[in-house]
Amino acid sequence: MTILIKGGTVVNATGTVEADVLVDGERIVALLAPGDAALGPINADKVIDATGKYVIPGGIDAHTHMQLPFGGTQASDTFETGTTAAAWGGTTSIIDFAVQKYGERVEDGLAHWHELAAGNCAVDYGFHQIVGGVDEESLKAMENLVDEGITSYKLFMAYPGVFYSDDAQILRAMQKARELGLLTMMHAENGPAIDVLAAQLAESGKTAPYYHGIARAWQMEEEATHRAIMLSDLTDAPLYIVHMSAKQAVEQVAWARDKGKNVFGETCPQYLYLSLEKQLAAISEEWGDFEGAKWVCSTPLRSEEEGHLDAMWQGLRTNDLQMVSTDHCPFCMKDQKTLGKDDFRAIPNGIGSIEHRVDLLYQGVVDGRISLSRWVELISTTPARMFGLYGRKGVIQPGADADIVVYDPRGHTSIGIGEGRSHHMNMDHSAWEGFEIDGHVDVTISRGTVLVEDGQFHGTKGHGRFLKRDLTQYLV
Ligand code: DUC
Ligand code: ZN
Ligand code: ZN
Numbered sequence: 002m003t004i005l006i007k008g009g010t011v012v013n014a015t016g017t018v019e020a021d022v023l024v025d026g027e028r029i030v031a032l033l034a035p036g037d038a039a040l041g042p043i044n045a046d047k048v049i050d051a052t053g054k055y056v057i058p059g060g061i062d063a064h065t066h067m068q069l070p071f072g073g074t075q076a077s078d079t080f081e082t083g084t085t086a087a088a089w090g091g092t093t094s095i096i097d098f099a100v101q102k103y104g105e106r107v108e109d110g111l112a113h114w115h116e117l118a119a120g121n122c123a124v125d126y127g128f129h130q131i132v133g134g135v136d137e138e139s140l141k142a143m144e145n146l147v148d149e150g151i152t153s154y155k156l157f158m159a160y161p162g163v164f165y166s167d168d169a170q171i172l173r174a175m176q177k178a179r180e181l182g183l184l185t186m187m188h189a190e191n192g193p194a195i196d197v198l199a200a201q202l203a204e205s206g207k208t209a210p211y212y213h214g215i216a217r218a219w220q221m222e223e224e225a226t227h228r229a230i231m232l233s234d235l236t237d238a239p240l241y242i243v244h245m246s247a248k249q250a251v252e253q254v255a256w257a258r259d260k261g262k263n264v265f266g267e268t269c270p271q272y273l274y275l276s277l278e279k280q281l282a283a284i285s286e287e288w289g290d291f292e293g294a295k296w297v298c299s300t301p302l303r304s305e306e307e308g309h310l311d312a313m314w315q316g317l318r319t320n321d322l323q324m325v326s327t328d329h330c331p332f333c334m335k336d337q338k339t340l341g342k343d344d345f346r347a348i349p350n351g352i353g354s355i356e357h358r359v360d361l362l363y364q365g366v367v368d369g370r371i372s373l374s375r376w377v378e379l380i381s382t383t384p385a386r387m388f389g390l391y392g393r394k395g396v397i398q399p400g401a402d403a404d405i406v407v408y409d410p411r412g413h414t415s416i417g418i419g420e421g422r423s424h425h426m427n428m429d430h431s432a433w434e435g436f437e438i439d440g441h442v443d444v445t446i447s448r449g450t451v452l453v454e455d456g457q458f459h460g461t462k463g464h465g466r467f468l469k470r471d472l473t474q475y476l477v
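For the sequence shown, the positions run 2 to 477 when our numbering is used.
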């Protein structure tokens, strides 16, 4: 099957060009000067008119949690529902986190994740490995990850008794990662101190969702980020801090980068648009002040007044932050978030955004926050380079996988579960209800297969393939 995408503006991280894009089978085979008569007529099986629209590489969401067991429940999107929502929103690859729980073997956790995902994904998928218990056995198991195409792993400085690693464990894991070339991803919050603060708040009757963010104070994020940077410096292991929300933590990353360290930072749409003030003000007829549970995530939302949101946008502009992933970790209000109705500590942490990242970042272009090319760099090219997919993914060029989105800058997207709005994630609410986007994902193509067109989903759950990833392409 050949597809000709005609008349559009191709946007790569390097700039824009007016070009038609020719797809043959699963690959892009040519970029053609528009109307180049010397080429003669091109008789493609399918022609997509992209006049006045952007033709961009498919989004890569490098931080998702389908079916993650968490807080006595599990994330509500399956690999099928989550990747279908991804396709609706212009994301054609995800990297999910395979989980090694405490007491489980890394190999068994990984095998389980393959079982969950295989045959169920509408778009391509790769894995990072959560190492939930660093010991002799798991350190040994890390040695197989690169061969398995899993070139990054995550540790937690938060959640004592669940995923938590202490400094000695982190040091040992980083030494091993350095030896193997693995990228260390870090949940950087001081979990033991947070748990004390959270208990004190709850015991004094401060049990509403808002206090989740008060307990997880920015000092806890700054301190842990600094500690992770120092351990990475000591071991010479490259470090990637996930889901950053505190401006002081970003300053730590900027400081390390200015010293030439291989330290990278990721933020998420919720830290660009949603605030602690919004969470405090959220009171509904249905949920009262428990409405705020919709925005309980970790790291938490931060104060807009204190400048955290602006600092995230600034970090993206200055490249102190390199990545925007969703940390897609959806939970319904009913039967899930409500586990913490009487105590914020029991609210499962997470927000669902996989469908909206491409749009929400595009709104940053419209609002003058980032450039068009930076948008593409953030939604696709940098995740590809960071996680060993670039060339195959992350760029519109001959030889690359035909993962392509036709994006209409004159279109409009209303987000939410309300009438006429867009929401395909398996959740009973949207954390983004009422957000309006001055743009629209018109067509999503994955490896030459049209998944979304004319407001219809044409994909299948078995289309997505496992992505064996190379080492990060961000290091010299
Ligand atoms: N960290 C994540 O990365 N995702 C969900 C919850 C968490 O704390
Ligand atoms: Zn985390
Ligand atoms: Zn996460």
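Built from N, CA and C at the ideal position, the CB exists for glycine as well. Every value quoted in this text rests on a predicted model; they were computed, and no experiment measured them.
Per DSSP, the continuous beta strand (DSSP E) segment holding tyrosine 154 begins and ends at 153-157. Serine 276 counts as buried, since no fewer than 16 other beta carbons sit within 10 angstroms of its beta carbon.
Selection Gly127, Gly449 and Pro239 evaluated against glycine 400 yields Gly449 as nearest (Cα-Cα).
A direct Cα-to-Cα measurement between glycine 419 and phenylalanine 436 gives close to 11 Å. By the neighbour-count criterion, in which 16 or more other beta carbons inside 10 Å mark a residue as buried, arginine 358 falls on the buried side.
DSSP places glutamine 220 inside the alpha helix (DSSP H), whose first and last residues are 219-236.
The Cβ atoms of glycine 9 and valine 407 sit closer than 8 Å to each other. According to the DSSP assignment, threonine 3 belongs to the beta strand (DSSP E) that extends over 3-7. Contact check between the region 235-253 and the region 335-349: fewer than three CB pairs, one atom from each, fall below 8 Å, which does not count as touching. If you draw a 10 Å sphere on the C-beta of valine 477, you find fewer than 16 other C-beta atoms in it, and that means exposed. 8 Å or more divides the Cβ of glutamate 19 from the Cβ of proline 42. According to DSSP, residue pairing for glutamate 267 in a beta bridge involves Met324. Boundaries of the beta strand (DSSP E) harbouring tyrosine 126: 125-132, taken from the DSSP string. Membership of methionine 186 in the beta strand (DSSP E) is indicated by the continuous run 184-188.
Put simply, the residues with a CB less than 6 Å from any heavy atom of ligand 1 are His66, His188, Val243, His244, Ser299, Asp328, Cys330, Asn350 and Gly351, in chain order. With a cut-off of 7 Å, the C-beta of histidine 213 is classified as distant from ligand 3, since no heavy atom of the ligand falls inside that distance. The C-alpha of lysine 7 is placed about 5 Å away from the C-alpha of aspartate 50. Checking the 7 Å criterion, the Cβ of histidine 464 is out of range of every heavy atom belonging to ligand 3. Contact between proline 58 and aspartate 404 holds: CB atoms are separated by about 6 Å, below the 8 Å threshold. Secondary structure of glutamate 204 (DSSP, three-state): helix.
Ranked by how close their Cα comes to the Cα of leucine 361, the residues Lys469, Thr383 and Gly417 have Gly417 in first place. One thing to note: arginine 470 has its Cβ no nearer than 8 Å to the Cβ of phenylalanine 345. Spatial neighbours of alanine 250 in its own chain (CB-CB distance under 6 Å, excluding positions within 5 residues in sequence) are listed in chain order as Glu222, Glu223 and Thr226. A distance below 7 Å between beta-carbons, with the five flanking residues on each side excluded, links leucine 33 to the following residues of its chain, in chain order: Ala20, Asp21, Leu23 and Leu40. If only complete runs of 3 or more residues are kept, the region 35-91 shows the beta strand (DSSP E) at 47-50, 55-58 and 60-65, in order along the chain.
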